[in-house]
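Notes to accompany the following structure.
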Amino acid sequence: MARLLLHDLRLLLRDRLALLVLVIGLAVTGLAVGNGARWIDHLEQSRSAFLDRTQAEQAEYRARFAGPDWTDGDSADAPYSAKRSFAYPVPVLADFTIGRSDIEPAMAEVRMGYRADTLFRNYQIDNPERLQRGRIDLSFVAIVVAPLLLIALGYGMLASDRDSGTLRLIAAQAGGVGRLVAARSINRLALVIVPLVLGALALLLIGPNDPARTEAALLWVSVALAGIAFWWAVILLINALRVSAETSAFILIAAWILLVFAAPPLINSAAQALNPPSSRMAQIIEGRRAEQQATETYKNDHGTDGLAELQRVKDVIAQYQRISTAHDRAIRPLSDAFDLQLAAQQRAVRQAQWLSPPMMVSNTLAQIAGTDVETYGTLKGAAFGYLSDYQAALDRGIANNRLFTLADHDALPTFQPPPSPRPGWLGVLWTLMITIVILATALRRYRRLRLA
Amino acid sequence: MIDPGVTPYAPTAIWLEAHSRNTGTGRPVEDRAAALDLGEFSLAWVLQTLAPLLVFVLAAGLVARERERGTLRLMLASGARAEAIVRAKAGSLGRITLALIAPLAVAGVAAALLAPAAFSADQALRLALLCGAYGLYLALFLAVGVAVSALAGRNDRALLVLAGVWLVAVPLGPRLGGTLADMIAPTPDARTFWAQMDADYKNGLPGDADSKTRAAQLEAATLKQYGAASVDDLPVSYSGISLDASERYGYKVFDRRFAELNAERESQRSAMRLASLVSPLTAFQNVSAGLAGTDLAHHRHFADAAEAHRRLVVDQLNADLITNGAGKTYEGYNADRRLWEVVPVFNYAQPKALALAPAWLFDLAILLAWCTAGAALLMFAGRRLARGVL
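One line per chain: the protein sequences are A and B, in this order. Using this note's numbering, the letters of the first sequence correspond one by one to residues 16 to 467. Using this note's numbering, the letters of the second sequence correspond one by one to residues 17 to 406.
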């Protein structure tokens with residue numbers, strides 16, 4: 016078997032197409048590694064710069080609060096002037112799968128009057144044109160590029176020999192179709208898998224020193240290999256059919272387009288068409304209307320003219336907080352309806368993904384990396400929960416109708432990131448199951464081929 | 017309706033308020049549910065990504081199959097010129113390709129019928145130019161497809177080579193551009209961007225004093241202008257003057273930082289154009305979105321118009337406070353209906369089809385260069401075919 020492997024490898028490396036595949040594989044993986052390493056570094060640096068800056072500001076604020084120049088007026092204003100900041104943890108494998116980490120907000124400041132719809136603000140400064148083009152990451156290599164490279168290497172693995180009438184001869188020399196298929200499979204798979212695994216290893220070595228990364232990277236590579244195994248099973252099955260190399264190439268490319276290239280936009284569009292969410296503009300307009308109404312009500316009902324300065328500040332702050340609460344209450348039905356539709360869209364996409372194993376694998380890779388829709392949904396939920404806790408703490412302070420103290424300030428809640436959701440393994444199991452069925456069918460056909 | 021361009025990735029609403037030039041909110045892409053982002057399903061997506069592949073699949077066997085069956089040798093032996101055969105094959109596929117552009121025209125007409133406003137001459141011009149641009153784009157793939165079919169020895173090899181070309185041109189090319197843009201001209205972190213503006217405002221732009229000094233200078237200048245001893249003696253609202261000065265300094269800061277941001281975006285566009293060396297799609301996407309009115313230039317045109325309107329409103333509000341707020345606190349001053357009636361409503365006028373053409377003219381030149389190269393390749397393949405077969 017070893018001699019057969021070596022012989023096939025020599026033949027393969029003499030093939031210009033195989034060399035081209037190797038060069039493309041290495042070049043794209045190299046780009047993915049470079050880009051991934053740069054991206055996670057950017058995320059780490061942005062996060063630490065933000066936390067350093069905001070924590071320094073908060074320390075300075077606290078020092079002033081504790082200092083001799085702090086007045087009662089400052090204490091009255093403190094529920095408004097105090098603030099907290101938080102940042103999501105950097106996704107464990109954001110360098111492997113960039114996923115949603117380049118569009119989702121990851122850090123914010125929290126203070127009085129901030130609401131769920133304005134918690135994350137002005138983070139959308141990325142160039143839309145750049146976002147439209149996307150990025151090359153290792154996930155893109157595993158899901159999009161690797162299958163096409165495998166198709167290029169494997170479409171005529173047996174079909175070409177069958178076309179030229181030499182299959183029986185070559186199979187006899189190799190000691191059977193099974194041995195021939197095994198030797199050719201190992202070499203061709205190695206040509207595609209080795210750059211990918213080397214890329215993953217490189218990212219692991221140059222990336223952040225986080226013990227959780229090793230386990231996650233191992234899982235990530237295993238799932239990526241499951242996706243590649245699926246495609247190799249399909250290639251073996253097509254080669255086992257009595258079709259020409261041309262037809263084999265055509266079928267495989269069509270399958271790739273359908274499952275990898277066309278399925279995601281089509282499924283997304285269908286999910287959106289079936290579950291159209293209310294307009295974000297409607298939420299903004301309703302929020303603004305509620306804010307104006309609440310402002311007028313509180314201004315008219317709670318005039319502050321004539322009050323002592325300290326009481327006036329306290330009243331203004333209490334009004335501000337109530338206006339914010341009224342606004343939140345007003346837009347909640349709309350935002351709840353929006354979230355329900357969004358959840359329905361996500362459910363529809365999750366269900367439709369069963370039709371496309373590559374989409375399943377892609378989703379699991381993003382889950383392992385911590386850059387998927389569910390993880391960011393969980394983080395966003397935690398952020399909104401934290402905002403609610405923060406505002407509730409302020410509400411309690413305001414209800415007491417006493418001056419805000421340093422102890423109140425220190426007791427303001429801090430953000431605790433939730434545990435990451437566990438990756439859903441059903442999708443990978445489904446992919447493996449399909450792979451095994453396809454592989455078994457292909458092997459059965461090869462056995463018949465040998466007996467023929 | 018035809019090409020969403022950058023719309024799914026760009027903010028859809030801008031909140032206009034005093035003190036801050038907001039960047040916008042509500043990017044549709046944030047509401048997308050799938051992990052794998054390979055584009056937005058639209059007519060443009062089909063024509064830009066799938067139509068070239070269809071052209072390639074149809075082109076792969078056009079000459080290669082004749083060669084495999086031996087009919088090519090027969091045709092050449094009977095006196096047909098190789099170049100003429102290749103031209104005829106390209107012509108026949110061209111007619112099929114033309115049919116691919118038909119849905120574009122149909123969608124354009126449908127868009128016109130469904131649109132609330134009447135179909136304008138500008139829209140007709142946009143549609144005609146779009147059809148022409150897509151014709152050029154698909155003609156390029158047609159030329160490459162037929163040329164590869166003529167140059168490849170076997171049909172399956174032609175198909176594989178063309179699939180490889182498509183892989184590089186369509187899924188890889190634009191992503192390569194995006195990756196290069198990130199590496200060459202990375203976008204600043206949003207928080208740092210805003211923190212820089214806060215610092216600019218507080219510490220002053222280069223050559224300017226810090227905010228405290230500016231405030232002291234303003235007070236001194238105002239008192240001198242009105243010959244008053246204190247701000248309480250002023251015949252106008254000093255709060256308004258101070259607010260107005262603060263806003264106007266903010267405009268300077270915003271102009272500087274947003275100009276830097278726009279310059280970075282231009283650098284990114286240039287970096288993305290580097291991918292045009294391996295794929296015409298990046299350049300073509302700019303042309304298509306530019307003609308559809310959904311490119312970055314149109315988005316920026318809207319954002320700039322919104323900012324101009326914001327400044328107009330803020331200036332009006334501050335002017336009213338200066339005049340009518342003398343001797344009153346912020347809470348004591350109330351703008352009445354008269355003011356709100358003179359504040360104009362934001363009416364945005366979409367620029368004409370060719371008004372923002374400079375943003376994509378270079379991309380059009382790139383597309384034309386690709387088409388010239390494609391035509392040259394087709395001619396080369398025709399000449400080579402005769403030598404290779406006979």
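Just so it is clear, CB atoms sit at the ideal spot from N, CA and C, and this is done for glycine as well.
Item                                                                                                                         : Value
Chain-ordered chain A contacts of B/His317 [CB-CB under 8 Å]                                                                 : The contacting residues do not exist; B/His317 stays about 13 Å from chain A at best.
Beta carbon proximity, A/Ala467 to chain B, threshold 8 Å                                                                    : Low local confidence applies: a pLDDT of 47 at A/Ala467 is under 50, so the model's placement there is unreliable, and no value is given.
Cβ neighbours of A/Gly128 in the same chain (closer than 6 Å, five flanking residues each side left out)                     : Tyr335 and Ser339
Below-8 Å beta-carbon distance, A/Ile268 vs any chain B residue                                                              : yes
Endpoints, the beta strand (DSSP E) within which A/Glu124 is located                                                         : Met122 to Arg126
Opposing strand residues paired with B/Leu32 [DSSP bridges]                                                                  : B/Arg37
Best match in A/Glu124, A/Ala42, A/Gly442 and A/Leu402 for proximity to A/Glu72 [C-alpha to C-alpha]                         : A/Glu124
Neighbour-count burial assignment, B/Leu406, 16 or more Cβ in a 10 Å radius                                                  : Bear in mind that the predicted position of B/Leu406 carries a pLDDT of just 48, short of 50, making it too unreliable to give a figure here.
Cβ-based contacts, 7 Å cut-off: residues of the segment 150-178 of chain B near chain A                                      : Asn171, Asp172, Leu175 and Leu176
Alpha carbon of B/Ala131 to alpha carbon of B/Val125, nearest angstrom                                                       : 10 Å
Same chain, Cβ closer than 8 Å to A/Pro428, five either side skipped, listed in chain order                                  : Arg99, Tyr401, Asp404, Tyr405 and Ala408
DSSP bridge partner residues for A/Phe101 (one or two, in chain order)                                                       : A/Ala123
B/Lys105, buried or exposed, once every other Cβ within 10 Å from all chains shown has been counted against 16               : buried
Pick from A/Ala297, A/Lys329, A/Ala381 and A/Arg18 that is closest to A/Ala345, judged by C-alpha positions                  : A/Ala297
For B/Thr65 and A/Ala358, the rounded distance between their alpha carbons                                                   : 29 Å
Assigned secondary structure, A/Asn50 (DSSP; H/G/I helix, E/B strand, else coil)                                             : helix
Same chain, Cβ closer than 7 Å to B/Val330, neighbours up to 5 away in sequence not counted                                  : Ala34 and Glu263
Cβ-Cβ separation, B/Leu32 to B/Ala322 (assumed contact under 8 Å), whole Å                                                   : 6 Å
Inter-stretch contact (C-beta, 8 Å, three-pair minimum) for the segment 22-33 of chain A and the segment 88-102 of chain A   : no
The segment 255-287 of chain B: positions lying closer than 7 Å to chain A by Cβ                                             : Leu277, Arg281, Gln284 and Arg285
Whole-number beta carbon distance between A/Gly171 and A/Ala260, since they are thought to touch under 8 Å                   : 4 Å
Sequence-distant residues of its chain with Cβ nearer than 7 Å to B/Val184 (five each side left out)                         : Val294 and Ser295
Beta-carbon separation (whole angstroms), B/Arg399 vs B/Leu167, contact threshold 8 Å                                        : Their Cβ separation, rounded to whole angstroms, is 11 Å, which puts B/Arg399 and B/Leu167 out of contact at 8 Å.
Reduced DSSP secondary structure (H/G/I, E/B, other) of A/Ile118                                                             : coil
Any chain B beta carbon closer than 8 Å to A/Leu163                                                                          : yes
Per-residue contacts from A/Ile272 into chain B (C-beta, under 9 Å)                                                          : Leu66 and Leu69
Stretch-stretch touch, CB-based, cutoff 8 Å, three pairs: the segment 310-324 of chain B with the segment 360-368 of chain B : yes
Burial state of B/Gly243 (16 or more Cβ within 10 Å)                                                                         : exposed
Of the residues B/Arg142, B/Ala225, B/Gly220 and B/Asp249, the one placed nearest B/Leu370, counting alpha carbons only      : B/Arg142
Exposed unless 16 or more other CB atoms sit within 10 angstroms - verdict on A/Trp440                                       : exposed
Closer than 8 Å at the beta carbon, the chain A residues around B/Phe57                                                      : Pro280, Leu281, Asn283 and Ser284
CA-to-CA distance, A/Ala205 to A/Leu32, given in whole angstroms                                                             : 15 Å
Range covered by the alpha helix (DSSP H) that runs through B/Leu150                                                         : It should be pointed out that residue 150 of chain B corresponds to Tyr in this sequence rather than to Leu. Note, B/Tyr150: alpha helix (DSSP H), Ala137 to Leu167.
Beta carbon proximity, A/Asn15 to chain B, threshold 8 Å                                                                     : Chain A is shown from 16 up to 467; residue 15 of chain A falls before or after that span and cannot be answered.
Alpha-carbon spacing of B/Ala397 relative to A/Ala197, whole angstroms                                                       : 39 Å
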